[in-house]
Amino acid sequence: MATIGIFDSGSGGLSVYRELVKVLPQERYLYFSDNAHCPYGEKTPEYIQDRGRAITDILLGMGADIIVVACNTATAAAIATLRAEYPHVPFVGMEPAVKPAALGTQTGVIGVLATAGTLKGSKYLNTRGQYEDNVTIVEHVGQGFVELVENGILDGPEAESTVRASLQPLLNVGADTIVLGCTHYPFLRPVIERLAGPGVQVIDPAPAVARQTLRVLQEHGVTIGKGPFSVDLYASGDLSALGRIYALVSDAAQHIDS
Ligand code: DGL
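Just so we're aligned, residue 182 is where the sequence shown starts under my numbering, counting upward by one.
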């Protein structure tokens, strides 16, 4: 059994946890929500690196064999620093799913929703650079999306008007594929899909990140499987926000465990 440490600025990383338990159902999970410092989207890289170090120390102290940085913003700001400073620890980060979007688009226009920090990061800019000769890539910050999810507002008029304000500019220029570049956004996927309509495909990179985590554990020779499955939730702030979103994803985990 592997011990898998996961962190995010808040509850969003549970969209990655939900996929991890599908490919790694018999492991011990430690999830850390840094919600006392959420959102990360507008923070400096140095601030996020400091948080990344502090959380990595906590997760390693509890026995993590691997750290999944289940946050696009923290991946952009801090994963290179963490890999350099903890050379023996395997880290898995988020990848903006531009490639599958570029391969699947019919209109030749793909939309990326992410935080300001992710969109400014060199990882995203490099990925964008590889595909922009062939497709038009338009971006928008999901303004207010993280706050909606942290407050448990996943549908209804407020969620719709907030999502529409950031999604509509992408649809207006013909995007037929929307990349979710922040781990909080999959919790708003039903609203995003309803507003975007049936001709628009929404892509969440979490399943690919889960498969990558399995590969990295195997490469590092970490024993996996056999159980028992367990999950412990931690938060730097109020635990109730995390508990609310966990209730949505725990059914999948319990189903797999039983
Ligand atoms: N879930 C984070 C991400 O994937 C959250 C962003 C934030 O805290 O602003 O980017």
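Yeah, the Cβ is synthetic: ideal placement off N, Cα and C, and Gly gets one too.
Would you list the one or two residues that DSSP bridges to residue i?
i      : result
Leu414 : Tyr212
Ala295 : Val322
Leu361 : Leu294
Val204 : Per DSSP, none; premise fails for Val204.
Val383 : Ile359
Gly186 : Leu211 and Ile248
Phe368 : None, per the DSSP bridge assignment.
Expressed to the nearest angstrom, what Euclidean distance is found between the alpha-carbon atoms of residue i and residue j?
i      : j      : result
Gly191 : Tyr366 : 12 Å
Tyr391 : Gly355 : Here residue 391 is Ala; the residue named in the question, Tyr, does not match the sequence. Each residue's Cα considered, the two are about 30 Å apart.
Ile437 : Pro206 : Residue placement at Ile437 is flagged as unreliable, the pLDDT there being 43, under the threshold of 50; a coordinate-derived value is accordingly withheld.
Gly310 : Ile384 : 19 Å
Leu395 : Pro386 : 15 Å
Leu294 : Ser347 : 8 Å
Gly274 : Ala261 : 10 Å
Thr184 : Val412 : 10 Å
Counting C-beta neighbours from all protein chains within 10 Å, is the total for residue i 16 or more, i.e. buried, or is it exposed?
i      : result
His321 : buried
Ser439 : Low per-residue confidence applies at Ser439: pLDDT is 33, beneath 50, and the placement is therefore not dependable, though the value from the model is reported in the following sentence. Exposed, because fewer than 16 other Cβ atoms sit within 10 Å of the Cβ of Ser439.
Ala217 : exposed
Gly153 : Absent from the structure is residue 153, since the part of the chain shown begins at 182 and ends at 439.
Ala265 : exposed
Ala283 : buried
Assuming residue i and residue j are in contact, meaning their beta carbons sit under 8 Å apart, how far apart are those beta carbons, in whole angstroms?
i      : j      : result
Gly222 : Val319 : Not confirmed; about 18 Å, so no contact.
Could you check whether the Cβ of residue i sits closer than 6 Å to any heavy atom belonging to the ligand GTP?
i      : result
Asp189 : With respect to the ligand GTP, the structure shown offers nothing to examine, as its ligands consist of the ligand DGL.
Validate contact between the segment 298-317 and the segment 253-266 using beta carbons, cut 8 Å, 3 pairs
Counting Cβ pairs under 8 Å, three or more are found: they touch.
Determine, using beta-carbon pairs with one atom in the segment 276-287 and one in the segment 399-414, whether at least three such pairs fall under 8 Å.
Verdict: no, contact absent.
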